[in-house]
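Novice: Chains as they are written, first to last, in this note's numbering: chain E, 32 to 303; chain Y, 10 to 294; chain V, 3 to 621.
We put the beta carbon where it would ideally sit given N, CA and C, even for glycine.
Predicted model, so just to flag it, every value in this text is computed and none were measured.
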Amino acid sequence: MSDLNLRELHNTEFPIPDELQSNLAITSLSKVYNWSRRSSMWPLLFGLACCAIEMIGTAASRFDFSRFGMEVMRGSPRQSDLMIVSGTVTKKMIVPIVRLYNQMPEPKYVLAMGACASGGGPFKEGYNVVSGVDKYLPVDVYVPGCPPTPQALIHGLIALQKKIDGQSLANMDDVPWYGVGPSEPTPIPILGPDVIDPRQMDIIRRQAELAALGKPYGVRELPAPQMKAVVAAKGAAPAAAAADGGEVDAAKAERLRKREEALARKHAAKGE
Amino acid sequence: MTMYGQGILRGLTITLRHLVRTYFNDMRYMGKKYFNQSEFELRQGMKTEGIYTVQYPEEKIAVPERFRFTPFLVVEDADHPERPGEDWCTSCGICAKVCPPQCIWIVRGEDPVTKRPIPEPQAFYIDIDICMNCGYCAEFCPFDAIKMDHDYEMASYDRTTAHIHDKEKLSKPFSYWLNIAPTTANEEAEARGSWEHSDTVKSKKKAGVPSVAYTPTTDPSQVMQMIRATMPEPAPAAEAAPTAERSAAAVAQAGPSAEDALKAERLRKRQEALARKLSKEAGSQ
Amino acid sequence: MVIAAPQTVDVDVNAVIDKLKEKFPEAVKNDTRQGYKGVIVDKSKLVEVATSIRDEFGFDYLSSATGVDYLGIADEMEMVYHAYRTTGGPALVFKAQTPRDNPEIPSLIDVWPGVDFQEREVWDLYGIRFPGHPNLQRILLWEGFNGHPMRKDWKEAYFEEDHKPFESRWPAGHVHRIEEKNAYGHNVMYPADLDLSRLTDTSEESLYNSLGLGVDVQDLTGEGGIKTDRLVVNLGPHHPSTHGVFRMVVTLDGETIETLDPVMGYLHRNHEKIGERNSFLQNMPFTDRLDYISSMSNNLGYALAVEQLLALGARYQPPTYRAEVIRVLMAELTRIVNHLWSLGFLLNDLGAFFTPMLYANNEREKILDFFEATAGSRLMCNYMRFGGVFKDIPERIHSVVNMVNDKVRDYNTMDYLTEMINERLPRFMDEYERLLVNNEILKTRTVGVGVLPADRAIAYSTCGPLLRGSGVAYDIRRSDPYSIYPELDFDIPVGQNGDIYDRFMVRVYEIRESLRILKQILPRLERTKGEEVVSKFNYLGRVPIGESYGRVENPKGELGYYVVSAGDEKGPQNPWRYHIRAPSFINLTALGPMSKGYKVADVVTILGSIDIVLGETDR
Ligand code: SF4
Ligand code: SF4
Ligand code: SF4
């Protein structure tokens with residue numbers, strides 16, 4: 032819809048599609064619904080690391096996010112709508128975090144505050160650090176910074192409110208919690224030899240089988256750096272070009288082989 | 010014998026006083042507390058009483074000069090008479106080496122023909138999901154080419170597309186830097202002894218041309234004027250023509266070597282990108 | 003409340019070492035490695051020697067115990083102990099060595115109970131076993147974790163290179179998210195022989211087993227024949243009272259605490275492993291994130307540790323006088339920031355929900371504004387450098403408009419500081435004390451609760467206000483002075499009863515004493531105006547070979563950095579070992595014993611009175 036010129040909507044002659052004909056009531060209802068939802072967003076009283084200090088600083092009287100209806104920080108997930116993931120998510124902590132998220136009632140939102148929660152942050156290389164909470168939970172708004180200042184956090188919260196404003200009751204993707212049946216809980220990670228995401232059990236099993244066969248696993252080769260390719264292509268010497276051609280052929284063969292393998296795997300999976 | 014309740018009563022008086030003081034302050038300024046620049050300064054300063062909430066986003070605390078958020082790269086302004094839009098960064102790699110969480114990736118510029126390194130990065134990335142805003146890159150860059158930005162309003166809905174800053178996104182003109190941190194920019198210019206890039210200073214010295222000496226100013230347009238004033242031979246026709254054409258003309262003069270053509274091409278692309286970015290920014294504001 | 007007189011310091015460690023060698027001629031040898039101090043004790047005699055060090059030589063306070071893996075240098079693992087006298091003076095360093103395969107060192111828990119968590123940490127991260135330790139379990143990671151990550155040959159999933167800077171960043175630095183390299187994308191690495199059929203979470207089992215309980219609830223018959231339940235309750239890791247992601251597993255008899263097990267590691271960010279990959283300079287901003295409320299003092303401790311090493315070399319310029327003045331200014335302001343914060347939260351834990359905390363925070367913000375203008379960030383200051391500071395304090399606290407609706411402020415820095423130190427903060431403290439100090443509710447909840455006697459406080463290696471609240475006048479600023487503290491005039495507040503109220507009051511008085519120091523700092527700042535403060539340390543600066551232990555009196559207690567710089571062909575750029583003796587971590591040793599017999603509601607307050615911060619506890 033992005034290419035639609037919104038001004039055209041003001042035109043009284045604008046054709047209303049059939050499937051939207053009966054939705055006029057819902058749009059204004061959505062507005063009320065969104066307004067009330069975004070104006071009483073109760074965050075979970077939940078601090079993880081350094082960013083939590085700035086989050087409390089935001090809640091305190093100088094920056095005061097109660098101006099946005101968020102003053103009631105709840106200790107219990109059952110009473111909160113917004114999880115501000117404020118800090119480094121460790122493997123040991125991701126288990127309780129997922130549990131807390133599952134306990135929050137719908138509609139629920141997640142705001143990743145700071146570099147750590149968004150993508151691992153400065154401690155990303157560590158062995159106990161999850162590279163971003165979005166590996167496990169759906170994140171609505173990311174606030175970069177290390178730590179984001181209180182003003183930056185409020186900017187993020189306003190962004191979240193804007194996001195809610197843009198949602199519509201008519202769109203099932205926006206309000207999945209009105210669907211049939213209970214919503215699926217996020218599977219809780221297992222602390223084994225390392226953290227294990229149950230959703231990835233299949234991949235892990237496959238990798239483990241490869242390992243049992245003595246094949247390398249766990250590391251996927253990166254595509255060759257692009258710059259080198261460009262430079263090589265521009266290489267003027269014909270000899271180099273010939274060598275390139277050989278490489279291209281090899282790469283092609285490799286790709287073909289890989290595709291066949293993947294196909295075989297797929298068949299095997301179907302057969303199971 | 011202690012009288013129970015005394016301490017509590019005293020406490021309650023104090024909390025009550027806090028409450029009253031805030032409102033009293035409000036009344037004293039008759040509401041202009043929230044609209045007046047000098048009142049803001051008073052409210053956020055040492056003399057304030059009661060609560061002193063910042064009404065973000067209607068009013069924002071302007072951050073101090075040394076404030077650091079994510080880094081950005083300094084490039085010459087688009088109206089720079091000699092090297093419009095060119096990088097200050099020489100891709101020396103010091104920032105990438107000193108960065109504690111190693112979140113800077115630099116592709117060193119390389120001349121496509123001679124394969125020799127050229128002082129300008131081919132690509133420059135910073136992953137702001139790793140960056141710890143420590144300011145080391147800015148502190149140790151020998152060319153004052155990377156600086157800490159003051160723009161903290163970067164919340165986004167998607168990090169995969171928005172959180173690795175590439176060169177286009179990182180580049181900001183020198184005048185921006187002079188605007189957000191006039192004191193620091195002046196100190197640096199003083200240390201360089203000139204308002205120009207230290208390499209320019211060096212090459213000009215070699216050529217025997219005077220570079221723009223350091224005179225304290227906080228006005229970017231004045232810096233531009235100073236640079237224009239010391240231009241060796243101001244050719245008025247070239248001055249008036251759009252910069253891209255001018256550089257193309259310069260290439261033509263120097264003789265059509267493949268090297269120069271490529272350079273001109275790169276320059277043009279960069280200028281276009283910069284212009285795009287500037288217009289985008291202007292549009293968003 | 004007693005204000006202790008300043009301590010004098012005069013201990014000849016070498017004489018002590020000589021006597022020690024006389025007494026144990028076989029077991030004790032001098033540590034002769036280049037740049038190392040102290041003695042190496044034969045591990046079979048370790049307990050005996052340690053007892054003698056404590057009882058005969060009076061080194062009653064064990065500051066830190068940590069492991070080092072000398073893979074490739076000596077193929078040995080080593081435990082390093084730093085013992086001090088609580089009356090003051092330098093450290094007696096002693097070490098015990100053990101082979102890398104099957105490492106084992108006798109536990110010192112009977113000599114210094116404070117070694118409890120530290121030995122568990124070494125077991126967790128290095129795999130050194132401590133026969134004699136009653137509860138040798140993992141402490142930062144979970145039971146079942148694969149390997150001991152601080153060993154030099156253990157590589158994590160995102161491992162790139164042993165030393166920063168990484169080759170892949172420049173000159174051909176093609177950006178990638180590092181998880182793209184790992185097929186799982188979650189920063190994980192499973193052992194090759196992972197048995198997928200038995201994937202259940204067993205990380206909690208041994209914890210509950212150690213409580214001696216198979217069930218959650220057990221009937222008990224208390225005094226007077228009343229039937230109560232024994233109950234296991236988890237407070238945390240998500241609990242508003244735990245000040246972060248800390249967890250206490252308590253067994254209750256009715257409302258009364260029977261046992262309390264602190265469970266931590268929920269914020270274990272591998273500070274030390276990353277720190278050993280970083281260059282010396284790169285660790286500085288990481289130290290900000292230890293005790294993230296008092297980053298300035300963290301910086302100072304690390305700077306001191308590395309400066310000790312640098313002083314071993316030839317070309318080292320110590321910080322100028324003005325740099326020292328600024329450092330003390332920052333450290334004391336940080337102390338105020340931290341104590342304001344912790345007082346506010348202690349009251350919060352008592353149920354005075356948020357009002358005292360908000361008042362305190364208002365003042366804290368004023369100091370943060372100054373930090374922001376000077377160092378560039380409110381919390382993560384990254385301000386100290388080896389041999390100086392990042393930059394002199396600015397002439398004006400001054401901001402520039404660069405966004406819509408920006409409002410500027412412009413103050414003269416010295417005026418700002420003077421008014422804050424001479425007027426605003428004392429006025430606030432007067433009011434705060436009126437508000438709280440004689441409040442009946444506060445007193446009823448805190449006097450006589452969470453008592454820690456002085457001898458236990460020393461035995462548990464506690465530090466900071468917790469130790470001083472128990473009546474031990476031990477403050478590193480006096481007992482092992484650094485920077486310009488010797489020339490400053492201040493006292494050390496100590497408590498008498500060792501209860502929560504005393505700790506509370508120690509903090510209140512410490513703010514007063516900090517203000518007293520700051521008042522002496524102001525004229526020094528004026529006097530030294532214009533002196534150079536910026537350090538000359540190059541970003542690739544080399545650090546001489548050796549070991550050092552730099553410690554400062556952080557607001558939360560003694561913060562120590564044990565830094566080893568070992569040789570490699572290019573000369574050391576990275577610390578071989580980078581260990582943080584974190585006050586919060588070690589103070590927690592006393593939490594269990596301190597809480598026994600009190601009610602659940604008191605535990606929250608006792609924890610609040612220790613004043614922990616998780617970034618430092620878990621590192
Ligand atoms: S983003 Fe920075 S400030 Fe926030 S938790 Fe991570 S390290 Fe701490
Ligand atoms: S240190 Fe400065 S000049 Fe060198 S690569 Fe970095 S930004 Fe460019
Ligand atoms: S601010 Fe620090 S972490 Fe961020 S890019 Fe610069 S050096 Fe790296």
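Okay, do the stretch 197-212 of chain Y and the stretch 164-179 of chain Y touch, 3+ Cβ pairs below 8 Å being the bar?
Specialist: Contact between the stretch 197-212 of chain Y and the stretch 164-179 of chain Y is absent, because fewer than three Cβ pairs lie under 8 Å.
Novice: Within its chain, find whatever has a CB closer than 7 Å to the CB of residue 156 (chain Y); leave out the 5 residues flanking it on each side and keep chain order.
Specialist: 80, 81, 83, 147, 186.
Novice: Taking just the CA atoms, how far does residue 430 (chain V) sit from residue 382 (chain V)?
Specialist: If I take the Cα positions, the gap works out to 25 Å.
Novice: Could you tell me if the beta carbon of residue 115 (chain Y) falls within a distance shorter than 7 Å of some heavy atom in ligand 2?
Specialist: Yes, since a heavy atom of ligand 2 falls inside the 7 Å radius drawn around the Cβ of residue 115 (chain Y).
Novice: Cβ of residue 80 (chain E) less than 8 Å from any chain V Cβ?
Specialist: So yes, residue 80 (chain E) belongs to the interface.
Novice: Beta carbon of residue 178 (chain E): closer than 7 Å to some heavy atom of ligand 3?
Specialist: No, Cβ of residue 178 (chain E) sits at least 7 Å from all heavy atoms of ligand 3.
Novice: Mapping the DSSP letters down to three states, classify residue 151 (chain V) as helix, strand or coil.
Specialist: Correct three-state label for residue 151 (chain V): coil.
Novice: Are any of the Cβ atoms in chain Y nearer than 8 Å to that of residue 349 (chain V)?
Specialist: So, not an interface residue.
Novice: Excluding the 5 residues preceding and the 5 following residue 594 (chain V) in the sequence, name in chain order all residues of the same chain whose CB lies nearer than 8 Å to its CB.
Specialist: So the list reads 261, 262, 263, 264, once near-sequence residues are dropped.
Novice: Contact defined as beta carbons within less than 8 Å: I believe residue 42 (chain V) pairs with residue 99 (chain V). What is the distance between those atoms, to the nearest angstrom?
Specialist: At roughly 6 Å, the Cβ-Cβ gap stays under 8 Å, so residue 42 (chain V) and residue 99 (chain V) are in contact.
Novice: How should residue 324 (chain V) be labelled, buried or exposed, when 16 other C-beta atoms within 10 angstroms of its C-beta is the threshold for buried?
Specialist: So residue 324 (chain V) ends up on the buried side.
Novice: State the DSSP-derived secondary structure class of residue 72 (chain V), mapped to helix, strand or coil.
Specialist: In this structure, residue 72 (chain V) counts as coil in the three-state DSSP scheme.
Novice: Going by other Cβ atoms of all chains shown within 10 Å of its Cβ, with 16 needed for buried, is residue 252 (chain E) buried or exposed?
Specialist: Here the model assigns residue 252 (chain E) a pLDDT of 43, short of 50, so the residue's position is not dependable, and the following value carries that caveat. It is exposed - the Cβ of residue 252 (chain E) has fewer than 16 other Cβ atoms within 10 Å.
Novice: Please report the straight-line C-alpha distance between residue 110 (chain E) and residue 470 (chain V), rounded to a whole angstrom.
Specialist: Between residue 110 (chain E) and residue 470 (chain V), the C-alpha separation is close to 41 Å.
Novice: Measuring only the C-alpha atoms, how far is residue 259 (chain Y) from residue 418 (chain V)?
Specialist: The predicted model places residue 259 (chain Y) with a pLDDT of 45, which falls under 50 and marks its position as unreliable; any figure quoted below should be read in that light. If you take the alpha carbons of residue 259 (chain Y) and residue 418 (chain V), they lie about 55 Å apart.
Novice: I'd like to know whether the C-beta of residue 609 (chain V) is nearer than 8 Å to at least one C-beta of chain E.
Specialist: Output row for residue 609 (chain V): interface = no.
Novice: Short of 7 Å in beta carbon distance, which residues of its chain neighbour residue 135 (chain V), apart from the five on each side in sequence? Order them along the chain.
Specialist: 109, 111, 121, listed in sequence order.
Novice: Would you mind giving the Cβ-Cβ distance between residue 409 (chain V) and residue 46 (chain Y), rounded to the nearest angstrom? I have them listed as a contact below 8 Å.
Specialist: Indeed, because the Cβ distance is near 6 Å, the residues count as touching under 8 Å.
Novice: List, in chain order, every chain Y residue whose beta-carbon is nearer than 7 Å to that of residue 409 (chain V).
Specialist: Here the neighbours are 46, 49, 68, 69, 70, 71.
Novice: Run the CB neighbour count on residue 114 (chain E), radius 10 Å, all protein chains shown included, and call it buried at 16 or more, exposed below.
Specialist: Classification of residue 114 (chain E): buried, given that the 10 Å Cβ count is 16 or more.
Novice: DSSP beta-bridge partners for residue 553 (chain V)?
Specialist: Beta-bridge pairing links residue 553 (chain V) to V:562.
Novice: Could you tell me if the beta carbon of residue 189 (chain Y) falls within a distance shorter than 7 Å of some heavy atom in ligand 3?
Specialist: Residue 189 (chain Y): no, Cβ never under 7 Å from ligand 3.
Novice: Heavy atom of ligand 2 less than 7 Å from the Cβ of residue 99 (chain Y), yes or no?
Specialist: Yes - ligand 2 has a heavy atom lying nearer than 7 Å to the Cβ of residue 99 (chain Y).
Novice: Can you tell me whether DSSP reads residue 487 (chain V) as helix, strand or coil?
Specialist: Looking at residue 487 (chain V) - three-state DSSP - the assignment turns out to be helix.
Novice: Anyone know if the C-beta pair for residue 552 (chain V) and residue 563 (chain V) falls short of 8 Å?
Specialist: The answer is yes: Cβ separation under 8 Å.
Novice: Let me confirm a value: residue 238 (chain V) is counted as buried when at least 16 other C-beta atoms fall within 10 Å, else exposed. Which label applies?
Specialist: So residue 238 (chain V) ends up on the buried side.
Novice: Residue 591 (chain V) and residue 503 (chain V) - do their beta-carbons sit closer together than 8 Å?
Specialist: Result no, Cβ atoms of residue 503 (chain V) and residue 591 (chain V) do not sit closer than 8 Å.
Novice: Since residue 133 (chain Y) and residue 98 (chain Y) are thought to touch, with beta carbons under 8 Å apart, how far apart are those beta carbons, to the nearest angstrom?
Specialist: Indeed they touch by this definition, with Cβ atoms about 7 Å apart.
Novice: May I ask which residues mark the beginning and end of the alpha helix (DSSP H) holding residue 99 (chain V)?
Specialist: That residue, residue 99 (chain V), is in no alpha helix (DSSP H); its beta strand (DSSP E) goes 94-101.
Novice: Give me the subset of the stretch 120-149 of chain Y whose CB atoms are less than 9 Å from a CB atom of chain E, sorted by chain position.
Specialist: Within the stretch 120-149 of chain Y, the residues whose Cβ lies closer than 9 Å to some Cβ of chain E are 121, 122, 124, 131, 132, 136, 137, 138, 139, 140, 141, 142, 143, listed in chain order.
Novice: For the candidate residues V:485, V:458, V:532, V:362, whose alpha-carbon lies nearest to that of residue 474 (chain V)?
Specialist: Among V:485, V:458, V:532, V:362, the Cα nearest to that of residue 474 (chain V) is on V:458.
Novice: Is it the case that the CB of residue 109 (chain Y) approaches a heavy atom of ligand 1 more closely than 7 Å?
Specialist: No, since every heavy atom of ligand 1 falls outside the 7 Å radius drawn around the Cβ of residue 109 (chain Y).
Novice: Could you check whether the Cβ of residue 32 (chain Y) sits closer than 8 Å to any Cβ belonging to chain V?
Specialist: Cβ-Cβ to chain V under 8 Å: no for residue 32 (chain Y).
Novice: List the endpoints of the continuous alpha helix (DSSP H) containing residue 148 (chain E).
Specialist: It spans 145-150 - the alpha helix (DSSP H) in which residue 148 (chain E) sits, taken as one unbroken run.
Novice: According to the Cβ coordinates, are residue 86 (chain Y) and residue 151 (chain Y) closer than 8 Å?
Specialist: No, they are not a contact pair.
Novice: Of all the options V:519, V:23, V:615, which has the alpha carbon lying nearest to the alpha carbon of residue 328 (chain V)?
Specialist: Of the listed residues, the one whose Cα sits closest to residue 328 (chain V) is V:519.
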